[in-house]
């Protein structure tokens, strides 16, 4: 069996290595733009003598299918590939193309299930492996494996764990394909989870609870650069928070800094009158700790919010 891998992400590297060790990896297909993970994959392919095809949307039809056929690839695997594969390609690979999707299907169909699982405060994450068909994240379901989401786990850490899990499922998938397993059909989900908008990445201090804000912060780190909020009329991004108890805090409006100490840190009131400690934040000038912000002059009664309408000095 010769396998072609479609990918665009560092999350595919454990699976890539497992495929090469199995002796089944014949070819790799990547998009024709540049980023760090693709440079690693390019070097890996060159060192191991694996054929590499850099494609754009226009080349996904006959040209790519012909190349795959010449290499005698009989099965495809897809993990985080940015382009929708045409039906002619899905049907043209003899045994089919199988997608490793980091989310339960059909519940978390769409472009970025890792963000939404964390954002929605799920306690477990699911890795689904399915045979691809014309519609996004549909087809026959072959494998679903579940893992717990750790308290405070962010987007990058959960994605890395799911990527390691994917490599461990390779032999199982190949075995199912070899015995001509027929998976259960996945129902089409009309409301797929798309990549979050700026509004969905923005903290709503007036309405979101401390747990909801912490979940948004974790879901946004590092892929989206943190959860968005405003401070002193400047857009900033919060990268890490933790629940906190604050004694003798005044009952102020949500988003208000209730305690600021260079030693203890920066604490903010949420809509459910619980508190979050701001551990790491990115300002236009730097990525700093909450403690550092306090040392730079942040004081109690200052406010985080969606929009800061009052005049204020920009900077810290």
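Residue numbers (the working numbering): 1 to 316. The C-beta atom is built at its ideal place from N, Cα and C for all residues, glycine as well.
Under the three-state reduction of DSSP, which class applies to residue i: helix, strand or coil?
i: residue 1; result: coil
i: residue 173; result: helix
i: residue 96; result: coil
i: residue 10; result: helix
i: residue 262; result: coil
i: residue 40; result: helix
i: residue 292; result: helix
i: residue 102; result: coil
i: residue 257; result: strand
i: residue 286; result: coil
i: residue 233; result: coil
i: residue 239; result: strand
i: residue 50; result: coil
i: residue 312; result: Low confidence applies to residue 312: its pLDDT is 43, below 50, so where it sits in the model is not reliable, and the reading given next is rough at best. In this structure, residue 312 counts as coil in the three-state DSSP scheme.
i: residue 22; result: helix
So is residue i in contact with chain C if we call contact Cβ pairs under 8 Å?
i: residue 213; result: Absent from the structure: chain C. Only one protein chain is present.
Could you check if residue i is buried or exposed, using at least 16 other CB atoms within 10 Å of its CB as the buried criterion?
i: residue 191; result: exposed
i: residue 263; result: exposed
i: residue 172; result: exposed
i: residue 6; result: buried
i: residue 221; result: buried
i: residue 208; result: buried
i: residue 349; result: The first residue shown for the chain is 1 and the last is 316, placing residue 349 beyond what the model contains.
i: residue 35; result: exposed
Who are the Cβ neighbours of residue i in its own chain at under 6 Å, not counting the five residues just before and after it?
i: residue 267; result: 244, 246, 258, 259, 275, 277
i: residue 265; result: 277, 290, 291
i: residue 120; result: none
i: residue 27; result: 4, 51, 71, 73
i: residue 224; result: 201
i: residue 256; result: 269, 303
i: residue 163; result: 11, 14
For residue i, collect the residues of the same chain with a Cβ closer than 7 Å to its Cβ; drop the 5 residues on either side in sequence, then sort them by chain order.
i: residue 166; result: 14, 15, 79, 100, 127
i: residue 25; result: 3, 5, 19, 50
i: residue 177; result: 75, 95
i: residue 81; result: 6, 7, 8
i: residue 240; result: 217, 221, 279, 280
From what residue to what residue does the alpha helix (DSSP H) around residue i run?
i: residue 87; result: 87 to 92
i: residue 64; result: 62 to 70
i: residue 119; result: 113 to 119
Taking the beta strand (DSSP E) that residue i belongs to, which residues open and close that run?
i: residue 156; result: Segment 155 to 168 is the alpha helix (DSSP H) holding residue 156; no beta strand (DSSP E) there.
i: residue 334; result: This structure leaves residue 334 out entirely; the chain is present only between 1 and 316.
i: residue 143; result: 139 to 148
i: residue 31; result: 25 to 31
i: residue 77; result: 75 to 79
i: residue 212; result: Where residue 212 is concerned, there is no enclosing beta strand (DSSP E), although the alpha helix (DSSP H) it sits in stretches over 210 to 219.
i: residue 201; result: Residue 201 -> no beta strand (DSSP E), and no H or E assigned at all.
Closer than 7 Å to a non-hydrogen atom of the ligand MG - does that hold for the CB of residue i?
i: residue 125; result: Absent from the structure shown: the ligand MG. Ligands present: none.
For residue i, collect the residues of the same chain with a Cβ closer than 8 Å to its Cβ; drop the 5 residues on either side in sequence, then sort them by chain order.
i: residue 299; result: 257, 260
Counting Cβ pairs, one atom from each stretch, are 3 or more of them under 8 Å apart for the region 179 to 197 and the region 282 to 293?
As far as the Cβ criterion goes, the region 179 to 197 does not touch the region 282 to 293, which means the pair count is below three.
Kindly confirm or deny that the region 191 to 210 and the region 97 to 112 touch, where touching means at least three C-beta pairs closer than 8 Å.
The region 191 to 210 makes contact with the region 97 to 112, as at least three CB pairs between them are under 8 Å.
Would the region 128 to 137 count as touching the region 198 to 208 if we require 3 or more Cβ pairs under 8 Å?
Contact annotation: the region 128 to 137 does not touch the region 198 to 208, with fewer than three C-beta pairs closer than 8 Å.
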